[in-house]
Amino acid sequence: MSRRLLLAVVATLLVSLVALPATGVMQSPQKGGILRIAATTIQQLDPYKTAANDETNVIGLVFDPLVIIGKDGFEAKPHLAESWERPDDYTWIFHLRKGVYFQEGNAVFPKGARREVTADDVVYSINRFMNVSTAFTIGEVDEVKALDRYTVQITTPVPNPFLVDDPNRLASVGIVPKEAVEKLGEDGFAMNPIGSGPFILKSFAPDQSVVLERNPDYWLPVYLDGVEFVVIPDPTVQTMALTAGEVDVVPYIFNVDAMATLSRNPRLQMLSRGGSYRGIGFNVTTPPFDEFAVRDAISKAVDIDAAFNAVVAPHGERA
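Heads up: the sequence shown begins at 139 in my numbering, then just goes up one per residue.
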């Protein structure tokens, strides 16, 4: 989600919800079962080449980031990095969890390969991420280097206090194995992703379906046997599929009328607080928005409370 989607639905999936979902009525986690999730479009699964929500939701189940963002607030929680410190304003040091392995039974890592995730993988992954179009989200980075097998140091040219707590920064960088990208090629890796996450790709038909199966070697408990993403481009048809029991989750409900209708269905549960935020930004490099006075005047002229109540309330929380 981060850099990510379904943590609020099933905590063991280890992925952050990024919008308002509707789900079948939730119960305590039990072993087994397949979770079916509606999606609008899924064309590729390279974690560094997408900003699409549905693709990010799949990627969040296949790959692990250094940190994850807690479901109860924008606060970083340990993940691949079990701890970190900031010795000065420009330096972050991350200590990796030992005994985490990349997924096996694929064209790169056969069964029993036991390829451990190390600091070199983190260095490679962040440097690769910095070379794609969405790299601006992580902020400025001077250098990423491995201090030893399980320790990574990141230095920034200016203070970057949100490097771990912003869901669009380190929490959105899934760690990838260099040899997988090199062996499969950029396009091949996008169709056959290999990470260290809780679910392994079983099949992928672009803009049709994605089938994931439980990673038996994952370092945390995984309750589900698998997750299936069913591509349904029309949001109205998605909600119909949910009501009919053809899917278990519709991650994004942006239509207020649809929210009201679904919330009255006793068989469904609406999660009214996701992990996303929405805002209005200005391109401050071009007139007239390069002038603070103009931006300030627009900000004061817009009734944010009225806009929030008209579009989101009661299914959201004002920032």
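Don't be surprised by glycine CBs; every beta carbon is placed ideally from N, CA and C.
Only buried fits Asn195, as 16 or more other CB atoms lie within 10 angstroms of its CB. In the three-state reduction of the DSSP assignment, Arg405 falls in the coil class.
Under a 10 Å Cβ-count criterion, Thr424 is classified as exposed, with fewer than 16 other Cβ atoms of the shown protein chains found around its own Cβ. Here the alpha carbon of Asp286 sits roughly 9 Å from the alpha carbon of Asp258. Between the beta-carbon of Ile313 and that of Pro216 there is about 14 Å, and that puts the pair past the 8 Å contact cut. In this structure, Ile276 sits near Arg307, with a CB-CB distance shorter than 8 Å. Counting along the chain, no beta strand (DSSP E) covers Leu322; the unbroken alpha helix (DSSP H) around it starts and ends at Lys316 to Met329.
Comparing alpha carbon positions, the residue from Glu317, Glu220 and Asp226 closest to Tyr288 is Glu220. A direct Cα-Cα distance of roughly 18 Å separates Asp363 from Gly333. Counting along the chain, the unbroken alpha helix (DSSP H) around Glu193 starts and ends at Asn191 to Val200. Nearest C-alpha to Ala398 among Val369, Ala435 and Thr377: Thr377.
For Thr178, no alpha helix (DSSP H) segment is defined, and its DSSP state is neither H nor E. In this model, Glu278 and Leu183 are separated by some 25 Å (Cα to Cα).
The alpha helix (DSSP H) runs lying completely inside the segment 349–395 and spanning 4 residues or more are 373–381, given in chain order. DSSP, read as helix, strand or coil, puts Tyr262 in helix.
In this structure, Val246 lies near Lys321, with their beta-carbon atoms less than 8 Å apart.
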